[in-house]
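Asker: In our numbering, the protein residues as written are 7 to 262.
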């Protein structure tokens, strides 16, 4: 039995290695930063019967389109006007095609998704700080397409819906997010951007509840992050500053 398991694992490893080699042309275009050629070639793979169900072409489509969306000159071209939304769409498709999570576990892929999410999370925080909840919500609607299991995204999406007076949708979203927080396992394995966004989400939602005279639930929400964000005496000064924002809100609601 053990031999069969080992052989199965080895077979899968060999298969995935061969698949990666098959798309070496896409990897080379990515490394060379030839994003337009990358998108064109990756898209052609998705149209072929032999490769349309493979995850990697969709990953490279997402990577190329995301980089294009950040380039002002490229973004002005007609075919790339929706590059940002399409990058998210293909990222979601990649995750669906990568059923075993084989390619998602690759370090380079992890770094790309971390970069991608950091970009959107920072945008969202900026709009919320400016109280432009409509623009923040627009970003969250895009992010949830490829990051639907992220509880922070649902919480912030819900906060935006509350601020925009769409209560039924807001309640549904924040409830889904809170349940997700309660089910967290292996928090230390999260991307740093996801940890930061969870901290932000809990503080924002707790603040919203307090401002709307629901102190009991505000305490419940802020309590969810205590095990993750209460340490302000780490060796990382930047982390200490971030956690202090949480701790100050916690003390205001729970000990104030």
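The beta-carbon is built from N, C-alpha and C at its ideal position, and this holds for glycine as well.
What alpha helix (DSSP H) runs, 4 residues minimum, are completely inside the region 104-174?
Answerer: 113-135, 139-152, 157-169
Asker: Any C-beta of chain D sitting closer than 8 Å to the C-beta of residue 221?
Answerer: In the displayed structure, chain D is absent; only one protein chain is listed.
Asker: If you draw a straight line from the C-alpha of residue 124 to the C-alpha of residue 100, how long is it?
Answerer: 19 Å
Asker: Can you tell me the Cβ-Cβ gap for residue 177 and residue 163, rounded? I've got them flagged as a contact below 8 Å.
Answerer: Not really, about 12 Å apart at Cβ, beyond 8 Å.
Asker: Can you give me the C-alpha to C-alpha distance between residue 230 and residue 252, rounded to a whole angstrom?
Answerer: 11 Å
Asker: Kindly indicate which residue of 79, 47, 174, 93 has the alpha-carbon position closest to the one of residue 118.
Answerer: 93
Asker: Examine the Cβ distances between the region 242-252 and the region 173-191 and report whether three or more of them are shorter than 8 Å.
Answerer: no
Asker: Between which two residues does the alpha helix (DSSP H) containing residue 217 stretch?
Answerer: From DSSP, the alpha helix (DSSP H) with residue 217 extends over 198-217.
Asker: Would you mind giving the Cβ-Cβ distance between residue 235 and residue 249, rounded to the nearest angstrom? I have them listed as a contact below 8 Å.
Answerer: 5 Å
Asker: Can you tell me whether residue 190 is helix, strand or coil according to DSSP?
Answerer: coil
Asker: Kindly give me the distance between the Cβ atoms of residue 210 and residue 134, rounded to whole angstroms, as I take these residues to be in contact under 8 Å.
Answerer: 7 Å between Cβ atoms; contact.
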